[in-house]
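Numbering (this note's numbering), first residue to last: -9 to 120. All C-beta atoms, glycine included, are put in the ideal place defined by N, C-alpha and C. This one's a predicted model, so the numbers in the text were calculated from it and none came from an experiment.
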């Protein structure tokens, strides 16, 4: 849920335009059934996204914290750069934080968008700490 779902829906909308028809949506899912505890509305949104994605990859057979890590690392490995809606000022452990840290380690250029202010930065988000 969240930014991942929003971005996928936005991409599908963009693909309705001629200029974006060659863009492919690839979903990297941690395991089948990862969304079993989501509410019905979010599950239906994801079902729609899955139906129209060019590729759906299930990265692990069983649920575990390792399956989410594998998914996050896979997405970074496929990326040429990263756009992260992220604020590290709260020091919360999250999949986004894990992906950002791995992207830094891999030397990817990261564009940060602050989730509350929409401020865009190319540097580490420590500039947002109060």
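query	result
For residue 69, the three-state DSSP class (helix, strand or coil)	coil
Cβ pair count under 8 Å reaching 3, the segment 73 to 89 against the segment 99 to 108	yes
Backbone secondary structure at residue 13 - three-state DSSP	coil
Three-state secondary structure assigned by DSSP to residue 60	helix
Opening and closing residue of the beta strand (DSSP E) in which residue 87 lies	Not the beta strand (DSSP E): residue 87 falls in the alpha helix (DSSP H), residues 85 to 96.
The segment 63 to 71 touching the segment 85 to 99, judged by at least three CB pairs closer than 8 Å	yes
For residue -3, three-class secondary structure by DSSP	helix
C-beta contact flag for residue 48 and residue 67 at 8 Å	no
Sequence-distant residues of its chain with Cβ nearer than 6 Å to residue 19 (five each side left out)	48
Own chain residues within Cβ distance below 7 Å of residue 5, not counting five before or after	11, 13
Contact check, residue -5 vs residue 39, beta carbons under 8 Å	yes
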